[in-house]
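Chains as they are written, first to last, in UniProt numbering: chain U, 1 to 508; chain B, 1 to 508; chain S, 1 to 508; chain H, 1 to 508. Even glycine gets a Cβ: it sits at the ideal position worked out from N, Cα and C. None of the values given here were measured: they were computed from a predicted structure. Right, one structure below, let's go through it.
Protein chains: 4
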Amino acid sequence: MEKRDSNASASAFHVPEWMIQFADQKQEFNKRPTKIGRRSLSRSISQSSTDSYSSAASYTDSSDDETSPRDKQQKNSKGSSDFCVKNIKQAEFGRREIEIAEQEMPALMALRKRAQGEKPLAGAKIVGCTHITAQTAVLMETLGALGAQCRWAACNIYSTLNEVAAALAESGFPVFAWKGESEDDFWWCIDRCVNVEGWQPNMILDDGGDLTHWIYKKYPNMFKKIKGIVEESVTGVHRLYQLSKAGKLCVPAMNVNDSVTKQKFDNLYCCRESILDGLKRTTDMMFGGKQVVVCGYGEVGKGCCAALKAMGSIVYVTEIDPICALQACMDGFRLVKLNEVIRQVDIVITCTGNKNVVTREHLDRMKNSCIVCNMGHSNTEIDVASLRTPELTWERVRSQVDHVIWPDGKRIVLLAEGRLLNLSCSTVPTFVLSITATTQALALIELYNAPEGRYKQDVYLLPKKMDEYVASLHLPTFDAHLTELTDEQAKYLGLNKNGPFKPNYYRY
Amino acid sequence: MEKRDSNASASAFHVPEWMIQFADQKQEFNKRPTKIGRRSLSRSISQSSTDSYSSAASYTDSSDDETSPRDKQQKNSKGSSDFCVKNIKQAEFGRREIEIAEQEMPALMALRKRAQGEKPLAGAKIVGCTHITAQTAVLMETLGALGAQCRWAACNIYSTLNEVAAALAESGFPVFAWKGESEDDFWWCIDRCVNVEGWQPNMILDDGGDLTHWIYKKYPNMFKKIKGIVEESVTGVHRLYQLSKAGKLCVPAMNVNDSVTKQKFDNLYCCRESILDGLKRTTDMMFGGKQVVVCGYGEVGKGCCAALKAMGSIVYVTEIDPICALQACMDGFRLVKLNEVIRQVDIVITCTGNKNVVTREHLDRMKNSCIVCNMGHSNTEIDVASLRTPELTWERVRSQVDHVIWPDGKRIVLLAEGRLLNLSCSTVPTFVLSITATTQALALIELYNAPEGRYKQDVYLLPKKMDEYVASLHLPTFDAHLTELTDEQAKYLGLNKNGPFKPNYYRY
Amino acid sequence: MEKRDSNASASAFHVPEWMIQFADQKQEFNKRPTKIGRRSLSRSISQSSTDSYSSAASYTDSSDDETSPRDKQQKNSKGSSDFCVKNIKQAEFGRREIEIAEQEMPALMALRKRAQGEKPLAGAKIVGCTHITAQTAVLMETLGALGAQCRWAACNIYSTLNEVAAALAESGFPVFAWKGESEDDFWWCIDRCVNVEGWQPNMILDDGGDLTHWIYKKYPNMFKKIKGIVEESVTGVHRLYQLSKAGKLCVPAMNVNDSVTKQKFDNLYCCRESILDGLKRTTDMMFGGKQVVVCGYGEVGKGCCAALKAMGSIVYVTEIDPICALQACMDGFRLVKLNEVIRQVDIVITCTGNKNVVTREHLDRMKNSCIVCNMGHSNTEIDVASLRTPELTWERVRSQVDHVIWPDGKRIVLLAEGRLLNLSCSTVPTFVLSITATTQALALIELYNAPEGRYKQDVYLLPKKMDEYVASLHLPTFDAHLTELTDEQAKYLGLNKNGPFKPNYYRY
Amino acid sequence: MEKRDSNASASAFHVPEWMIQFADQKQEFNKRPTKIGRRSLSRSISQSSTDSYSSAASYTDSSDDETSPRDKQQKNSKGSSDFCVKNIKQAEFGRREIEIAEQEMPALMALRKRAQGEKPLAGAKIVGCTHITAQTAVLMETLGALGAQCRWAACNIYSTLNEVAAALAESGFPVFAWKGESEDDFWWCIDRCVNVEGWQPNMILDDGGDLTHWIYKKYPNMFKKIKGIVEESVTGVHRLYQLSKAGKLCVPAMNVNDSVTKQKFDNLYCCRESILDGLKRTTDMMFGGKQVVVCGYGEVGKGCCAALKAMGSIVYVTEIDPICALQACMDGFRLVKLNEVIRQVDIVITCTGNKNVVTREHLDRMKNSCIVCNMGHSNTEIDVASLRTPELTWERVRSQVDHVIWPDGKRIVLLAEGRLLNLSCSTVPTFVLSITATTQALALIELYNAPEGRYKQDVYLLPKKMDEYVASLHLPTFDAHLTELTDEQAKYLGLNKNGPFKPNYYRY
């Protein structure tokens, strides 16, 4: 669910500061005692694993049950207790959620059908660490249908849907996850996935890199049997490129974050909708006539700008990259420096992947009632820390909405405390999750079945043909009819009729 | 000016049919006698060199002078006769045109200023073969100002502006080009550029590949001194990749056709405007409420669809590539097979780069008054040949507009006889030409100054940093203000403050 | 907040069926005993007064206090008990809400300032019946500042914000309203507003016509002193035109529902945003690529279509009026009959003001997961009653979201049980409420101060100049700078420099 | 073809300056000798009659024939000489043009069919004064088919298509018009239409008011038999309202200029396309990224703004009317005073209907290469006269394009010398002309057949039902399917199933 930095480079050739910090953390990590307290862990857990997360409402809601799942004895109806969830009794409700999700994930269901005969994942032992939602459940059960054995933990301490985890456990999946884990719980769950007698994973599906990290540090020998890693997030991908650069990556890894479909759908198309949704749900504002500055014109920025322009806002853009800047011009946006418009805008939206894009100085100059939010990256883009000073008053007016009040009475409206608006204040459509999940499944199949030598100990993008296949599986949703090349046309173009249809450098 | 195939792959890894034909032609070419007639040449000239071309009106227009320039004795005011143009006396008028173009090409003018001190092209001997227009003249005089010596021919037998050629000749540029060359003239001009005593080119700037081709065949030894080739067109780039694949490319070549700025501006942004312009100028039709099918959703198709949707047309899209198809869906277009809508649409537009996308069968089924045109590639997309049958009547109703009339009275409106609408029936904005020309200049500088070994005998894309530099030179046109990274931000992102800002695979 | 029928005529020259029903009800109404039970009233209360209503969350929420406000003894801090609200102690919280609303209603605040000196409502005794929200409070306190005395009841049994009512009562406004009134309470509150010793209203501000209706039936003599009625809703305006037509309207009435600003802002611009908001909040769906049919292309339909098209949906339109139909065509929408597309669409949205636009037959033919909602009028547009049959299963999946399940497993997703999506599932921006409230204030001032004879016993539209004034008061919100005519220009155009600027028939 | 003032009021209640001037002219007019020279007439001819006019290219072009048509003796093939055209021999070519136009005017053709049986214009003697084009010919022949006798003159001295006039004369229509009339010719032609023995008109179809004016002054007694006037232009309508106001209008008149379809199609939808077309044809500029200021946000301004925004321009708006100003805000345009942006914009477009909107002072401050053009009204909006001063140099660079050069070398690009860009530099789609012509035909039928007393000596708008009928006749062009009300729905809405569907004040 994380977003590819739009404005920033995710270049594999540089070592950004935060990665260096991360490297430092790992050193500290090694010194850690086995029984780790919350404090000592706080810097080594990935940022994404503690992001606030607004999942679909949990229908059965919080029981008053305060017992930690780790202290409970639970068994599913088949007698297995190889799992740890909040409450196995919620399984039925979770099953219904999964069934609804199945209806909206036709690509995975089609994959189940098409690939079921040959069981392309027969023998695969997949350990996974992702958000645990109904959509993930559909992915896991698809992997199972394709022949794989799976063990699963959550990649975020808040995002697990307990009912879904229960349903998976009831179906026999060893799931270790619940909503509201402590950081100690977090690592305990991951460890329970991998540290099990008589079972060793040969594939990793990771979201954020924490699982990969754990195995590297605790069970490096496991990599001897592991055929590959599939990683979805920007953060995890960065970590992998760093390992690769440092010569420490010992298995092939697939960067599915940068696949075309994920980039365009997760970022451009999804943000085009979620910026409107996030702003409306939090502020009920009217978009028409509002002046907005969007920092960064990558895919996320492009989506935000297009949506707001369409709703009648007047949009300014800031950029550091002259090519993206020129695109903004041609798309009809005034390209400015933030300082030029900061006094006049009604909304400030960051989508840069950078840090301190909005500084205290900017915040000081904003006009009364200005709304500030972050669509880009983690919680670094707005210097929220600078607002935690005695002369400013914070007033929580709604969930995820704070008024920060200056001594002269000026208020700015800060959303989600500067964390990602689209994760915190809107929901991600199942359709987008379906694309991501299908990509993950195909990447696992590719890595698992690749002939010896096709993939080295490096980070790869998904083969274009697979990217195209993911797209083709989603076309029926739109009742879309693809044209097929005639033999004559394929010959003329020098293409295989089944693709791939574009050179690797094609930009879409 | 040619357009990158949108739908088709320009893959370097396949050998399309037409390239193989081209290879055959070259063999035939070798057997040719020195004095070649029009007929024998007709297959070996590149397609683009005979495309019809709608340049800005020539103000001094056709003199009645029917003498071939090759038979004239002309000198410029400095006494030189090392050129061949229609009429050297038109120089003054051409100079005014060049001056107007200079005003609209601020990037090249800035380049002159910035690089003039160091003369980065000092010693360069550039032979060029491009359209000869006021904009090209600004490029040539910029190259001169940077230290280069230039000799130039036209890449298209129709596109030369005689006044501009005269002005260049008057200024001392050996130019060999006029409007309405025969094919024999065409090669004669090219030969005059390269086959000159005491001067040997060390750089090639080509558009279409004919110049490169000629040197390969006639003066292969010249390549010993040539530092590199810069090629702009799809066709020329294909030829280069083919040479490279065949191991016959003996100098580095720069593919500027696939640079980001060229792709996005020449295709997406330029076609967004030229589709409307081309249709209006030829048919005066109203766009609102019209049903349109656009074949191909590459950059060109995306531009056409966006423009027509914005003008109130109802747009259908056909595609062969599932990723582009999914983009069309998300952008709000019904994805269909051509057959599904062919009976109901008012306009058919091809942007595929493919052949026979619109067949006689499709044409038979179109409704009365349906407009058919090609925005994609050469003249292959619509099977125009199939309309040259006795039962159909052709009626020329305007320049570039034919009614083809069926026996039952049904008419379809065929534009530009199926050749490129945007070349034939609209003009290319100077701003776009400025981007292309600046890219060419930078590519020449890069190749000429690259340290030994940076470039091998292969085809390269322009380094991203140069692409970014071209963009940055054009931002002042829009009064656009770029943001600079702070040191802290650059460190955080692991980027150099001056770029490049994106990894090579970034899609924009 | 009600919306002007988009597709239907609100013609004053016809007597629609439901008005006749209403006339019948009034007869029955007369026979009613004084102490009326819920049942007997159920048909005489206006539709709008029981519409479900999603106001901003009440922050202090439901106390467990189950005592009816009518049975409580409450006094404000000044000792007055001439009010009836849920809990006077919530006044402070309500005051804060009012203060926040004041910041977003600059036009009313400007009106307070500009008109305060002259007190244009000095002597006015206004009885009002509207939604009681923070925005209404700003209106009431503005009326007070302009010199008026006010007494107020709620026009909807659900929509009162108790804290705001408390704050108004605390400030000395006799307010009779709480959230969750019974229908008996509803009339009791209205009666308490008008039936008071020593005070008789001379102005009416109504929303829905219930207050006017009550005075007509119970205190017809009051009209002798009443200078005019200002009515905001479609329903109330219909009632007034009917009275006028029947010769029974005995005071001038101002139809502010059809003022330009209200029409365009409440309908076109507001719905452009609320359709997206309503759909997202209820279903989390993705708009891109979805096929949608919008029934009715009036202002509401135009807003819905524009928004969905901008988000990448493919939109079809149905219409009965050929002019609106032609507009839909020119705006780029396929004009169809509902039957033509009902099997293929993902979403059905009604905006017609008509009844049974979506019938059971249509519902039977929709595809699985089709979403059905109403943006038009009351709850008549979708024949929801036809879905209450034994073979269909209803499943409430979220607040305002029902799955209706066919025997074969097909589900349709019905939003807000067919009532207004924008009232039930999204919020109305303060900016729109500000326009409406300002219009109401100006209409009251105009009617109250109009010289004898300017207005007869008829229904009037707001004078254009006032409409323009409302607009001008809202321009500063957008930092918009109006151009002034020079004397010469005004003379040339034959206009007064201060307006009105358009003839009455101008369509904007 | 003229456009309804967008920004200005066409109020019937004011007497603008130019109308007063016109009244003065009429006095002078009376004193004129019979044989009038060019000079003396120059102020009494309507502005629109001398507007430059870009009609579709005349295919047979200018013969060298310099003889005035008035001095020629011509007969058609039936022996009649009751006409005066350039060359009767061009009839065949004109007939083909008419036949092509018939294909694109299905509404008139449908009207011929539907109304032919009953001949609703039997007995009508219509004198007309309009542009004489193929489209007008289709109108005239439709009127003939409906039973009317017609005599016709041109309303503009430049706009007549000679071939079409010849074809009409050949078919027996007494037509008096040719391209390039002198002003004396202009009035002579009109006089030949009305001053004929044994024939007296009983209906007038006018465009600009010159014909009406002539009859008023020369043959006032004719009005005794005249049943009504149908007038299309803003200018003519103004004149009629002035007559009405002065109590001098002695027959009913129909203002078809303000019919809904004409307003929306001729202005909003047509200008949305013609602004792009006009700018491209004259300047070949690129729209993307350009800064544009549009003066006036009426229908014309709305169309221009929407089109340019869609093409990626950054658009500012100026307005005098706060309601239109607020619409501009909500549609996403910065509302400014011209002075605020005049230094930075690349294009200035006037659409106000006002005079001197762009003054010399503004022109002095524009930046180099700024393009200035008028989409609004006549030639008054830009103070072009102020540019005719010695220090400025004018350079004609293309047809309709002048560079005006300041002493410091700054150039502005003035299009069409400040006259209407869309008349001068683009063409009007047949579809729009079809709507206008159909409206005119229906207005004639309505006035001719109206029962005694339905229309007084006043100016009327077309009955809404007729407006709806015009629209419905054009729906088949778009394959658009109208929905019909059920009996139950019609009853519910209180509407007739056949319309009218909206109250008169409905704004669309």
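For residue i and residue j, I'd like the C-alpha separation in whole angstroms.
i       : j       : result
Q25(B)  : E104(B) : For Q25(B), the predicted structure reports a pLDDT of 41, less than 50, and the residue's modelled location is therefore unreliable. A value from the coordinates is still provided. In a straight line, the C-alpha of Q25(B) is about 41 Å away from that of E104(B).
H131(S) : A154(S) : 5 Å
Output yes if chain U places a C-beta closer than 8 Å to the C-beta of residue i; else output no.
i       : result
Q242(B) : no
Q135(S) : no
L502(B) : At residue 502(B) the sequence reads Lys, which differs from the Leu that was named. Cβ-Cβ to chain U under 8 Å: yes for K502(B).
K465(B) : no
In chain B, which residues lie less than 9 Å from residue i when you measure between Cβ atoms?
i       : result
A107(H) : Neighbours of A107(H) on chain B: none; closest Cβ ~14 Å, over 9 Å.
Determine the closest residue to residue i out of the options, with distance taken between C-alpha atoms.
i       : options                            : result
T380(S) : L420(S), P407(S), D364(S), R454(S) : L420(S)
G453(H) : K497(H), C189(H), K227(H)          : K227(H)
R151(H) : I157(H), D266(H), S171(H)          : S171(H)
Q489(U) : D71(B), D266(B), N162(B), T352(B)  : T352(B)
T283(B) : P429(H), I98(H), K491(H)           : P429(H)
Along chain U, in chain order, which residues have C-beta atoms closer than 7 Å to that of residue i?
i       : result
I347(H) : Those do not exist, as I347(H) stays about 14 Å from chain U at its closest Cβ, beyond 7 Å.
Hey, does residue i have any beta-carbon neighbour from chain B nearer than 8 Å?
i       : result
L414(H) : no
Under 8 Å between beta-carbons, which chain S residues line up against residue i? List them in chain order, please.
i       : result
P429(U) : D284, M285, M286
If we cut at 8 Å on Cβ distances, does residue i have a partner in chain S?
i       : result
M375(B) : no
K280(U) : yes
Does the beta carbon of residue i come closer than 8 Å to any beta carbon on chain H?
i       : result
E484(S) : yes
G303(U) : no
Quick check: does the Cβ of residue i come within less than 7 Å of any heavy atom belonging to the ligand ZN?
i       : result
K410(B) : Judged by which ligands are present, the structure shown has none, so any question about the ligand ZN falls away.
Exercise for the section: Inspect the CB distances between the stretch 259 to 276 of chain B and the stretch 395 to 405 of chain H and report whether three or more fall short of 8 Å. Expected result: no
Practice task
Specify whether the stretch 444 to 455 of chain U and the stretch 428 to 435 of chain U touch according to this definition: at least 3 beta carbon pairs, one from each stretch, less than 8 Å apart.
Solution key: no
Handout entry: Contact between the stretch 461 to 473 of chain H and the stretch 298 to 314 of chain H (3+ Cβ pairs under 8 Å)
Key = no
Exercise for the section: Would you check if the stretch 409 to 427 of chain H and the stretch 84 to 100 of chain H touch, i.e. whether three or more CB-CB distances between them fall below 8 Å? Expected result: no
Exercise for the section: Answer yes if the stretch 268 to 276 of chain S comes into contact with the stretch 317 to 327 of chain B, meaning at least three C-beta pairs across the two stretches below 8 Å, and no otherwise. Expected result: no
Exercise for the section: Please determine if the stretch 132 to 151 of chain H and the stretch 208 to 227 of chain H are in contact, where contact requires at least 3 C-beta pairs separated by less than 8 Å. Expected result: no
Handout entry: At least three beta-carbon pairs within less than 8 Å, the stretch 352 to 372 of chain B to the stretch 383 to 391 of chain B
Key = yes
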